[in-house]
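Peer 1: Pasting a structure below so you can have a look.
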Amino acid sequence: MEKILGLITASVLFFLSALHIFWAFGGKLESITVIPETNGKPTFVPSRGLTLLVAFALFGFGTVALWSSGNIFSPNKTSAVFSLLIAFVFLGRAVGDFRLVGYFKKIKNTKFAKYDYLIYSPVCILLGISYFYLGWNNF
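In my numbering, the protein residues as written are 1 to 139.
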């Protein structure tokens, strides 16, 4: 079960990493659904460097999923600690900043808020649970 969970988790994160690389090098998708907005305008415009940093972090997280599940290396306490830390990152993202992202956001009437509620936060919860399971099993 751990190997399959690790493969699914890593696949999701590798896809998201590739998507961020696509955006970093000028790829266009409807940005209104992936960046929080206020008053009809994006709250920030991510730089190429920041977008690549997120891409590399997501790729690293995917690699940890493969490690913790025993797909690329033998899982150990270090992989367990990394998995638990990543679980808290994703679960924290699902809870949000109490303003623009997560289930407890205040601004709820934007297109991003709808996608965040229906897609982004649930995916973060599932990823958080996945990492928690992988980390807990390796202790």
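Glycine residues also receive a C-beta, built at the ideal position from the N, C-alpha and C atoms.
Which full runs of the alpha helix (DSSP H) of 4+ residues lie inside the segment 42-119, going along the chain?
Peer 2: Segments of the alpha helix (DSSP H) lying fully in the segment 42-119: 48-68, 77-95 and 111-115.
Peer 1: Grab me the residues of Phe139's own chain with a C-beta within less than 8 Å of its C-beta, minus the 5 sequence neighbours each way, in chain order.
Peer 2: Result list for Phe139: Lys77 and Ala80, in chain order.
Peer 1: Given that a residue counts as buried once 16 or more other Cβ atoms are within 10 Å of its Cβ, and exposed if not, what is Pro75?
Peer 2: So Pro75 ends up on the buried side.
Peer 1: Which value, in whole angstroms, describes the spacing of the CA atoms of Lys3 and Val64?
Peer 2: Lys3 and Val64: Cα-Cα distance of roughly 12 Å.
Peer 1: If you count every other CB in all the chains shown that lies within 10 Å of the CB of Thr38, and 16 or more means buried, which is it?
Peer 2: Exposed.
Peer 1: Apart from the five residues on each side of it in sequence, which residues of its chain come closer than 8 Å, Cβ to Cβ, to Gly70?
Peer 2: Here the set comprises Glu2, Lys3 and Gly6.
Peer 1: My assumption, with CB atoms under 8 Å, is that Ala55 sits in contact with Ala24. Please give the rounded CB distance.
Peer 2: Between Ala24 and Ala55 the Cβ distance is about 6 Å, and since that is below 8 Å, they are a contact.
Peer 1: Is the beta carbon of Tyr94 sitting closer than 7 Å to the one on Ser121?
Peer 2: What sits at residue 94 in the sequence shown is Ala, not Tyr. Yes; because the gap between Cβ atoms is below 7 Å, this pair is in contact.
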